[in-house]
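Structure first, then comments.
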Amino acid sequence: RKEVEQDPGPFNVPEGATVAFNCTYSNSASQSFFWYRQDCRKEPKLLMSVYSSGNEDGRFTAQLNRASQYISLLIRDSKLSDSATYLCVVKGGSNYKLTFGKGTLLTVNP
Amino acid sequence: EAGVTQSPTHLIKTRGQQATLRCSPISGHTSVYWYQQALGLGLQFLLWYDEGEERNRGNFPPRFSGRQFPNYSSELNVNALELEDSALYLCASSLNSRAGQPQHFGDGTRLSIL
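Keeping their order, the protein sequence lines are chains P and L.
At position 5 of the first sequence the residue is numbered 5 (this note's numbering), and the sequence of numbers has no breaks.
At position 48 of the second sequence the residue is numbered 158 (this note's numbering), and the sequence of numbers has no breaks.
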């Protein structure tokens, strides 16, 4: 089983749609969780950390289920500028490295 | 505040040569991480430096090496370059290595092997 698995995508949605990204991780000792976005040929940028209680930042909601080892990201009222690859990222275990999912490409269409 | 800076932006080498990539972390950050992003493979962890010491390395051969300087900047060296080393190499820094600290990425160095 891969360390971090995401929906393979790609997702094509109209403006204003709600989009959900799902992610599972295999290491139960993982300690921290993040969503990054990466625009084409650019570096990954931190979108938001994911907390156990779930957290919201504007149109973005992230949730964590430690029992199921599952992370999600919900984007409401999607904008054209949300088009990017969304990376699920897990940190922890004994080596503190970040482990990235392969990413899910989102294209928001006018 | 300046972000993570990497140089050069692009590097073109031939097989068998050696490449040196450089990274300056965000001011105050002590941990530096290197990743390789090859086409179709996602981001792969290469090396982690903290307080001048190598703390961990990913599943890469020994010809990938690096170091961290007293000012926390870092170098990644790749010896005996192979075609499959062509990739975007990303450096990231975090305030420290404790859990919960996000990593912030530089723009990357695109290494092309001819």
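Glycine included, each C-beta is placed from N, C-alpha and C at the ideal position.
Any C-beta of chain P under 8 Å from that of residue i
i	result
L/Gln-146	no
L/Gly-162	no
Any C-beta of chain L under 8 Å from that of residue i
i	result
P/Pro-8	no
P/Phe-21	no
P/Gly-54	no
P/Phe-11	no
Residue i: contacting residues in chain P (beta-carbon distance under 8 Å)
i	result
L/Leu-200	Glu-43, Pro-44
Proximal chain L residues relative to residue i, where beta-carbon distance stays under 7 Å
i	result
P/Gly-58	Simply none; closest approach about 18 Å.
Among the options, nearest to residue i - alpha-carbon criterion
i	options	result
L/Gln-116	L/Asn-166, L/Tyr-145, L/Thr-124	L/Tyr-145
L/Asn-189	L/Ala-197, L/Cys-201, L/Ser-183, L/Ser-175	L/Ser-175
P/Glu-3	P/Leu-98, P/Pro-110, P/Thr-104	P/Leu-98
L/Arg-132	L/His-139, L/Phe-155, L/Gly-168, L/Tyr-199	L/Tyr-199
P/Gln-69	P/Val-89, P/Lys-42, P/Pro-14, P/Thr-24	P/Thr-24
L/Gly-218	L/Leu-205, L/Cys-201, L/Gln-211, L/Asn-169	L/Cys-201
Whole-Å CB distance - residue i paired with residue j, under 8 Å assumed
i	j	result
P/Val-50	P/Phe-33	4 Å
L/Thr-130	L/Glu-185	6 Å
Closer than 9 Å at the beta carbon, the chain P residues around residue i
i	result
L/Asp-217	Lys-42, Glu-43
Neighbouring residues, chain L, relative to residue i (Cβ below 9 Å)
i	result
P/Gly-103	Gly-152, Leu-153
Cβ-heavy atom distance, residue i to the ligand ZN, below 7 Å
i	result
L/Gly-150	Among the ligands in the structure shown, none appear at all, so the ligand ZN cannot be discussed.
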